[in-house]
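Okay, structure first, notes after.
Protein chains: 4
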Amino acid sequence: MNLGELADVQSMSDPRNIPIDKVGVRGIEYPVTVLDKRDGTQQTVASINMYVNLPKEFKGTHMSRFIEVLNRFRGQMNIRSFPLILRAIKKELQAEEAHLEVAFPYFMRKTAPVSGAESLMEYRCTIHGVVNHDVRMGVKVAVPVTTLCPCSKEISSTGAHNQRGMVELSVRFDKFLWIEDLIELIESCASCDIYALLKREDEKYVTEKAYANPMFAEDVVRAVAEKLISDENITWFSVDFENIESIHNHNAYAHIERDKEAGPT
Amino acid sequence: MNLGELADVQSMSDPRNIPIDKVGVRGIEYPVTVLDKRDGTQQTVASINMYVNLPKEFKGTHMSRFIEVLNRFRGQMNIRSFPLILRAIKKELQAEEAHLEVAFPYFMRKTAPVSGAESLMEYRCTIHGVVNHDVRMGVKVAVPVTTLCPCSKEISSTGAHNQRGMVELSVRFDKFLWIEDLIELIESCASCDIYALLKREDEKYVTEKAYANPMFAEDVVRAVAEKLISDENITWFSVDFENIESIHNHNAYAHIERDKEAGPT
Amino acid sequence: MNLGELADVQSMSDPRNIPIDKVGVRGIEYPVTVLDKRDGTQQTVASINMYVNLPKEFKGTHMSRFIEVLNRFRGQMNIRSFPLILRAIKKELQAEEAHLEVAFPYFMRKTAPVSGAESLMEYRCTIHGVVNHDVRMGVKVAVPVTTLCPCSKEISSTGAHNQRGMVELSVRFDKFLWIEDLIELIESCASCDIYALLKREDEKYVTEKAYANPMFAEDVVRAVAEKLISDENITWFSVDFENIESIHNHNAYAHIERDKEAGPT
Amino acid sequence: MNLGELADVQSMSDPRNIPIDKVGVRGIEYPVTVLDKRDGTQQTVASINMYVNLPKEFKGTHMSRFIEVLNRFRGQMNIRSFPLILRAIKKELQAEEAHLEVAFPYFMRKTAPVSGAESLMEYRCTIHGVVNHDVRMGVKVAVPVTTLCPCSKEISSTGAHNQRGMVELSVRFDKFLWIEDLIELIESCASCDIYALLKREDEKYVTEKAYANPMFAEDVVRAVAEKLISDENITWFSVDFENIESIHNHNAYAHIERDKEAGPT
């Protein structure tokens, strides 16, 4: 057919003189291959958001081009290729700024502490970035951990309430970093880390380890923050912890954000 | 305007000769007043589903009539008025069968075990029913509880892993019953029940109570089932328990369903 | 019992010298009474988050005090009382800064455009605020609307794809404002607004109105932004629109944020 | 260590004499390889539930064994291997009955109707099965489609409201079937099917196709039911359709279930 017949409404001008910060597509489910420190690469499934800015002159953006860029980079979606994808979006959409967010379950093999039984742990990760003149990237990872309440342990003659909690850490950095290293850093900052497979001797171990190592939500975010403050590769971080309190029907929460170039917020 | 101008497409006939089991509206958020054992009534907000069957002759149902029935009964949505609402839906939609599902957060005042500090606990409840010749109703309630692992306690020299878990109980019954009674029944079937407000002396109490009363997911559903089997007003029940394991990143689950008129399934 | 027996672990000092930006409780479901422009007040159910900062000296905060403050203000949770609640949290938790977020479904009576049939529309609202020396507040509201695609209309010989979309508007302001006014502002910025109850003559009206008034996601956020830029009471706003594309399995998205004291971001 | 030291609490007897219908693990995120009609296999990520029955004599089941079975079958999780996995669960857990549910996003390449532009569509699939003496399996798939309202088209001088809706089809069958065939069957039962990538000429095509082919929620479930009734390989089906009404803030819903061995329900 003759495309000339089909008016390009998006390219028409807009009289309101208002630029749009972000316009694009959201919630695209897509298979991706990400870097894996142990195995080289790992195949998983991502939920992807892609945006550009829209200058005040234009009525609309061309949404289908986002998908075309995505298809072109299929199979190479990782921290290293991220800047290329961002620049491709910016170029194809003729924008000054482009945003990309890729969220996916990431799997690591983990060995039970006593039995050595191996299993897979799943961690929710997000790689996100923006390009205008330069590319600025960040990584976010969610890591489930065990916390045991110091107050409950202190005041009770037997036991102490404990629960699963979720650490969400976002970082910006200078040099390439491995998601695996962030996950291990976080898992060392709780009463105990969590496993997909524990045999009886492992269950004894993690129970006693948590009891020996009580931590409040406050302790978890401070422990993570302390390690990141001393890590020169990390330029900014935000750590959230939400604790699924076993004695309450609401959650406990703690949050620390630090821009190391700007000092404490 | 002259409604005669607007064709009633829904009332046209359908050639496929296939009856539809359920057709209607879903996810209507609506303020409702429900019965409260202590205070008479309680105002809350419900998410409502309404369906009817559609005979094979008709092309479609008249969706707006569901909303009109709902508006008519606004402020009297409870177990006692439920049969009236069901019959009104059946009548207005000219159906042989009508279904109504009303899910809402329900609040109960609860007193901390030692300090006596009072707070509100929220429980997710659903009242659902169907009418054809007779009305058949059911109630579902979700109750968060604490469980402490008997295995972890037995094998560990100190402490025991524990966590929040959610009991979901659905029942059918002969005579009117109070949601409050179901909730209290469930809360007596865990290592400890859960509170919105606990002072330090209460936290000591619940920690020690849970440690003294270890229960698996299996124990929770059996304890609930045992009480319902002996309750003559309950004709059918289904109890689910999902345990937010503090040492794993997956949940433990147990389920018992029993039709007391038909015997064990 | 003698409280002196129970150590106050939270009040102990922390050696890490790291202040915590936010610590508190999340996901407390609670019945609230909010202001209603038409009826004076309205009872609904909120999901509440409460946080304070924690100075670097202290090991932990006292979570139960949040609930005690909440219980004290039960039944007066609205824009006018918000500053009092914030100051009470700050005082009871002995903090320098306190945060409060209250999210709830809000209901407005709405009249169908032709039949005049009345029904209830539900809108998700959030009131949030922070106090340090001064109180700073914001309101967020989510409003579903209809959009009809200008490109689809232009290039197609018949019809045009249309869909439900969700506008999320956050604002900061000088003087008190009504949620109702924000909702009406947003509903005037789409191809057509949405109703809970439409009779046949209304369905004809909204179908033709949407077809006569095609808008991209970009048009919706620009139309909202244009009105807020000219509203002197609004000091800052962020408008998001997510369009549930009827021809795609992903959503279209547009976003404008404007700090009127700082100029365009 | 000497395992003899660690009591096997789960194997202890239970006095309540109540068998448990299902006990196991829920929400295990796991990478899986499934069959792909076009490419042989496809790698994706599943959310997995595994249960067994528990005889009345035993206090608990051994949860870790579920994960061990899962790890053994890693990489061969598909309709063909499903019976083997079910029998392995039954054997390892020493149960009379075992249940397995595997839900995953499944991707198919799809070609735009005019431009021929290729993109990936995501569909949510679930394979589930139970074994006691025999194995009984089922497949569920969720397929987004476009519907255009026949009433709105009939009564309006211009346009017609349309929207995205979700068909959820569950089937039981005699012989092996391809998920792809179910998806294509469903996509042929709507006003138009949905794409991840449409160029302008495609958008014209799908807009006009939907307008030429108006369907109610009732029409969608009847069209799917009609095809399945005539398919001898299908022994049972349940089809749900939920329509994200573009003119309402609630959804329209229709449902047909048919047990072809038992006749209409």
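Protein chains in written order, with our numbering: chain A, 1 to 265; chain B, 266 to 530; chain C, 531 to 795; chain D, 796 to 1060. Cβ coordinates follow ideal geometry from the N, Cα and C atoms, glycine included.
(message) Check whether chain B comes within 8 Å of residue 791 of chain C, counting only Cβ atoms and requiring the distance to be less than that.
(response) no
(message) For a test of the three-state rule: what should DSSP assign to residue 238 of chain A, helix, strand or coil?
(response) strand
(request) Can you grab the Cα-Cα spacing for the pair residue 630 of chain C / residue 225 of chain A, in whole Å? (result) 24 Å
(message) I'd like to confirm the pairing. Which residues does DSSP put opposite residue 458 of chain B in its beta bridges?
(response) B:410
(request) Could you confirm whether any beta carbon from chain B is found closer than 8 Å to the beta carbon of residue 640 of chain C? (result) Chain B contact via Cβ: absent.
(message) With the cut-off set at 8 Å, would you say residue 25 of chain A and residue 77 of chain A are in Cβ contact?
(response) no
(message) Using C-beta distances below 7 Å, list every residue in its chain close to residue 772 of chain C, excluding the 5 sequence neighbours before and after it, in chain order.
(response) 695, 696, 781, 783
(message) Which residue wins for smallest C-alpha separation from residue 890 of chain D, given the options D:1044, D:814, D:988, D:1011?
(response) D:814
(message) Need the endpoints of the alpha helix (DSSP H) that residue 36 of chain A sits in, please.
(response) From DSSP, residue 36 of chain A is part of no alpha helix (DSSP H) but of the beta strand (DSSP E) over 20-36.
(request) Take residue 444 of chain B and list the residues in its own chain whose beta-carbon comes closer than 7 Å to its own, dropping the five residues that flank it on each side. (result) 371, 390, 404, 406
(request) May I ask you to report which of helix, strand or coil DSSP gives residue 330 of chain B? (result) In this structure, residue 330 of chain B counts as helix in the three-state DSSP scheme.
(request) Note down, in chain order, each residue of its chain lying with its Cβ closer than 6 Å to the Cβ of residue 232 of chain A, except the 5 sequence neighbours on either side. (result) Nothing meets the Cβ criterion.
(request) Identify whether residue 632 of chain C lies in helix, strand or coil by the three-state DSSP scheme. (result) strand
(request) From the DSSP output, in three-state form, read off residue 617 of chain C for me. (result) helix
(message) Using a 10 Å radius around the Cβ and a threshold of 16 neighbouring Cβ atoms, would you call residue 109 of chain A buried or exposed?
(response) exposed
(request) Taking the CB atoms as reference points, tell me whether residue 411 of chain B and residue 156 of chain A lie closer together than 8 Å. (result) no
(request) Pull out every residue of the region 982-998 of chain D whose Cβ sits closer than 7 Å to any Cβ of chain C, in chain order. (result) 989, 990, 991, 993, 995, 998
(message) Considering just the uninterrupted stretch of the beta strand (DSSP E) at residue 700 of chain C, what are its terminal residues?
(response) 692-703
(message) Between residue 551 of chain C and residue 579 of chain C, how many whole angstroms is the CB-CB distance? I'm expecting something under 8 Å.
(response) That belief does not hold up - the Cβ atoms of residue 551 of chain C and residue 579 of chain C are roughly 14 Å apart, past 8 Å.
(message) On the CB-based measure, 16 or more other CB atoms within 10 Å of its CB, does residue 387 of chain B come out buried or exposed?
(response) So residue 387 of chain B counts as buried.
(request) For residue 776 of chain C, decide whether its Cβ has a neighbour in chain B, counting only Cβ atoms nearer than 8 Å. (result) no
(message) Could you check whether the Cβ of residue 409 of chain B sits closer than 8 Å to any Cβ belonging to chain A?
(response) yes
(message) For a cutoff of 8 Å on Cβ pairs, would you count residue 805 of chain D as touching chain C?
(response) no
(message) Between residue 503 of chain B and chain A, is the shortest Cβ-Cβ distance under 8 Å, so that the two count as touching?
(response) no
(message) Counting C-beta neighbours from all protein chains within 10 Å, is the total for residue 1054 of chain D 16 or more, i.e. buried, or is it exposed?
(response) exposed
(message) Which of the three DSSP states is assigned to residue 56 of chain A in this structure?
(response) coil
(message) Less than 8 Å between the beta carbons of residue 171 of chain A and residue 234 of chain A, yes or no?
(response) yes
(request) Sort B:394, B:331, B:495 by Cα distance to residue 344 of chain B and report the nearest one. (result) Of the candidates B:394, B:331, B:495, the one whose C-alpha sits nearest the C-alpha of residue 344 of chain B is B:394.
(request) Would you mind working out which of B:377, B:457, B:316 sits nearest residue 331 of chain B, comparing C-alpha positions? (result) B:316
(message) Below 7 Å on C-beta distance, what does residue 415 of chain B contact in chain D?
(response) 804
(message) Using a Cβ-Cβ distance cut-off of 8 Å, determine whether residue 859 of chain D contacts chain A.
(response) yes
(message) Buried or exposed, going by whether 16 or more other CB atoms sit within 10 Å of the CB of residue 204 of chain A?
(response) buried
(request) Please state if the CB of residue 1018 of chain D and the CB of residue 987 of chain D are separated by a distance shorter than 8 Å. (result) No, they are not a contact pair.
(message) Can you tell me whether residue 926 of chain D is helix, strand or coil according to DSSP?
(response) strand
(message) Here's the rule I'm using: 16 or more other beta-carbon atoms within 10 Å means buried, otherwise exposed. How should residue 230 of chain A be labelled?
(response) exposed
(message) Measuring alpha carbon to alpha carbon, tell me which residue in B:383, B:312, B:296 is nearest residue 367 of chain B.
(response) B:312
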